[in-house]
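Residue numbers (this note's numbering): 545 to 1493.
Where a beta carbon is used, it is the ideal one built from N, C-alpha and C, also for glycine.
What you are looking at is a predicted structure, and each value in this text was computed from that prediction instead of being measured.
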């Protein structure tokens, strides 16, 4: 640095021939530089920290020395923004100026130390004093306690005591405070209670005995309590538990007292019994004393003793109470009259009816509850004596025989004369003695179905009007009516009735065929009877045509077999016989959806389940004239459970058009387990997952295009180039599975089949009573399969096929008994339509209501079933209804589709789960992703348990 320093420039020209060299000087001033000082504001320090190199740590851009103000080791008072100065002198003073820099520092106040230990426990109501309020500090100042001396604390553990400290040097010290805890123990009340006076059982305890008092307010609880009846006994303990009103400051207390309870005397009630007849043993009717307490009675004389006849006989009883602890014994006496025994006379015949001239023996039996009577019996016929009086034997029986009765019905009687111990009596032969005339013969008519092949035996019953003791014979022979030798085999012979026989049979052999025809007739004629007359000499035989007019339905085989991984099995139903007209046949598999006892899909019992192994199938096949065979499909579920072969039955139902069943009308389907099952759950496989959705929601096998599309939609997650940015493979697959599942519910195919069934039921009946849903799983499945059978959205002609199914189904729906009962045909069109909108929970626009009513034209009633179907469809397709019930149906289909059951079936057994998911879906305005509904169902253990472990 320096002023006027010379700078020189020497110039040499290129053209040295014509130009000289030249030079020139100039001057320059070089000024001193000012060093750069680096020094940040020091961190805060706390009084009385002395300044040191920690704070005095400036640095410069060139060598030199620092002088600080204030200097190192200075103790600053507390305060913010205090200035520190650094003066810098550079070593190279020729080229650098001196420099100066200030910074500021904050000196924080110090916090005093308070020493104060938790005081020892005190007992309520001890006041606070210096014993407890004894804090000390590290610097001078004033202590102030928040609870001052003489304060009485309530009882309680760990109560806080606080002190605030203000230091004398408030410039450099901040205020301080400290808490300690103290426990105040409860006091114990004093109970006063003397032993009560003696009482007699069953005197109940009352305030007379339960009269304890205490030195502080509170409530008493007695053991035993008031109204208790104590057993008899001395020195019984009574206990009182006292709860003070001030439970904060006083402990509970208890005290015992003793009481003596003396025994009571029972009350025995016994009236003089009613008179009895001789021979009647004493029983509970007479020995019927009662007591006001339980116990046992000992009678004199004892039960079963037969008293001699006589009046005023003494009966005694000793009562011993069951509860001898509380009651003493008691005795009582009554008297009874014993009267003569009554008798009853019965009459029987050795044979009735009898033949004319046959010997008949009449027997009179005289009985009595008092023993065996003695004496004589006089027999009478039609009011007149027959023979002399007959003496009773040792069993009380007398007999009389005669063969002189005429052919009619005679009134037979027997009169017993009685004796000193038994009362006289009479009896008659029930129905009288029938002496019959010669019996007559008749023959029955017989109707029997011919059968399809072979022969059958028609049995004609030949009857005698009454049994005879003689042998009776009659001849018979067949004769043609409309039937001929191709229909039956002629026969003749003799029928014989042995004595006592009243019926015989004649067999005629019929020939079976399968030709639908009118009923045929033939005759069996009787002639030449011996020992009888012929009342009816001709039996009419009718050969009933049993060949079904609508044909005969059967399965193509009695058993079917399908592989677990085959996806489905096609079942063939054959129709034979008469095919000239149309006929329908229903079919059904078992349905386990409503079970309230869960059988896990891993159960190995040889029985296939519709929740685990196959999709329940039911429906109706319509055979047009000449059609002899149709098929239906049962979907088979894939799983990874080692379970062996499993079976389930299929059944044909409700034939129409005059058709009948043939064998087999039931069949068995066996699902053969895969030869090797994977170790993982097959539902994790993309193809199985997609195929299962076609089964569960669309009730069909996957079409190839749809299957490939949905599998690729999941498997693209394995391709980083196609996987959405920011997603892992697992996150991508999980998201695509949820999206796929929801897509099947939201698809046109499901919305126009399954959701239509939901809306039709809701519009027709509202929710099922006691439930929040309008349809049950089994009904839903059958109806949905009927509408969707053969429909594959996107394939040629699907719209027309679906529309035909809808119209046909709804037309049948409005003719179901339940619908007809709910909407009688007598309803006006307006009432019919209004009822549908009311059950649907929708208020229609005027135009919507009128359009539905107009389906009936000008009709006064809603009888027209086609108009009913069209009106119902208008309501079910109402846009408000579709949107209003979408979330409800979505949740219900989670159970129908994924769990294959009703929401209240096992394992839930109620609608709690359904209501939870509906509320959550509504909370997210139907956003199933945010509600996590679909994800929860397809990852649930119940859903995954359908396919593996």
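Going straight from the alpha carbon of residue i to that of residue j, what length do you get?
i: residue 980; j: residue 969; result: 30 Å
i: residue 801; j: residue 827; result: 50 Å
i: residue 1120; j: residue 1096; result: 5 Å
i: residue 1399; j: residue 1026; result: 54 Å
i: residue 1445; j: residue 1486; result: 11 Å
i: residue 737; j: residue 706; result: 44 Å
i: residue 870; j: residue 965; result: 49 Å
i: residue 1043; j: residue 1002; result: 26 Å
i: residue 747; j: residue 1143; result: 59 Å
i: residue 744; j: residue 785; result: 25 Å
i: residue 1312; j: residue 1007; result: 59 Å
i: residue 609; j: residue 588; result: 25 Å
i: residue 762; j: residue 787; result: 6 Å
i: residue 636; j: residue 552; result: 28 Å
i: residue 679; j: residue 605; result: 56 Å
Beta strand (DSSP E) containing residue i: first to last residue?
i: residue 1174; result: 1173 to 1179
i: residue 841; result: 839 to 844
i: residue 906; result: 904 to 911
i: residue 1438; result: It is not in any beta strand (DSSP E) - residue 1438 carries neither H nor E in the DSSP assignment.
i: residue 1457; result: From DSSP, residue 1457 is part of no beta strand (DSSP E) but of the alpha helix (DSSP H) over 1456 to 1467.
i: residue 1048; result: 1047 to 1055
i: residue 1119; result: 1112 to 1120
Of the residues the options, which one's Cα is nearest the Cα of residue i?
i: residue 893; options: 860, 962, 971, 824; result: 971
i: residue 840; options: 821, 812, 1089, 853; result: 812
i: residue 541; options: 724, 1481, 720, 857; result: This structure cannot speak to residue 541, because the chain is shown only from 545 to 1493.
i: residue 715; options: 743, 621, 1325, 637; result: 621
i: residue 1353; options: 1417, 632, 1383; result: 1417
i: residue 662; options: 704, 636, 788; result: 704
i: residue 1276; options: 1288, 1256, 1289; result: 1256
i: residue 910; options: 875, 1357, 967; result: 967
i: residue 953; options: 941, 933, 899; result: 899
i: residue 1038; options: 975, 1016, 895, 607; result: 1016
i: residue 686; options: 675, 1482, 1130, 717; result: 717
i: residue 721; options: 797, 690, 978, 1402; result: 690
i: residue 1438; options: 1480, 1471, 1469, 1413; result: 1480
i: residue 1153; options: 1070, 859, 1490, 1442; result: 1490
i: residue 1014; options: 1413, 1459, 1076; result: 1076
i: residue 1392; options: 1356, 1405, 1261, 1374; result: 1374
i: residue 1372; options: 1350, 1183, 1359, 1405; result: 1405
i: residue 702; options: 726, 1263, 1287, 656; result: 726
i: residue 916; options: 941, 932, 931; result: 941
Below 8 Å on the Cβ atoms is my contact criterion, and I expect residue i with residue j to pass it. Report the Cβ-Cβ distance as a whole number of Å.
i: residue 593; j: residue 613; result: Not really, about 18 Å apart at Cβ, beyond 8 Å.
i: residue 1282; j: residue 1254; result: With 8 Å as the limit, residue 1282 and residue 1254 do not qualify as a contact, their Cβ atoms being about 13 Å apart.
i: residue 1087; j: residue 1064; result: 4 Å
i: residue 1125; j: residue 1169; result: 6 Å
i: residue 889; j: residue 821; result: Actually they are not in contact, since the Cβ atoms of residue 889 and residue 821 sit about 16 Å apart, beyond 8 Å.
i: residue 920; j: residue 935; result: 5 Å
i: residue 1221; j: residue 1111; result: Not confirmed; about 16 Å, so no contact.
i: residue 862; j: residue 855; result: About 24 Å separates the two Cβ atoms, so there is no contact after all.
Provide the residue span of the alpha helix (DSSP H) that contains residue i, from first to last.
i: residue 1213; result: First-last for residue 1213: 1210 to 1216, but that is the beta strand (DSSP E), not the alpha helix (DSSP H).
i: residue 1256; result: 1248 to 1259
i: residue 1274; result: 1273 to 1290
i: residue 1400; result: Element bounds for residue 1400: n/a, residue is neither H nor E.
i: residue 635; result: First-last for residue 635: undefined, no H or E at that position.
Keeping to the same chain, check which residues put their C-beta closer than 7 Å to that of residue i; ignore five residues upstream and five downstream.
i: residue 1432; result: 1462
i: residue 696; result: 669, 671
i: residue 1020; result: 1036, 1037, 1039, 1050, 1068, 1069, 1070
By Cβ distance below 8 Å, which residues in the same chain neighbour residue i in space, the five residues on each side in sequence not counted?
i: residue 1292; result: 1337
i: residue 751; result: 770
i: residue 1173; result: 1100, 1116, 1117, 1118, 1119
i: residue 1259; result: 1230
i: residue 1031; result: 994, 1054, 1055, 1064, 1066, 1087
i: residue 947; result: 901, 902, 903, 904
Leaving out five residues before and five after residue i in sequence, what residues of the same chain have Cβ atoms less than 6 Å from its Cβ?
i: residue 1009; result: 983, 984
i: residue 1390; result: none
Is the CB of residue i under 8 Å away from at least one CB in chain D?
i: residue 1234; result: Here there is only one protein chain, and chain D is not present.
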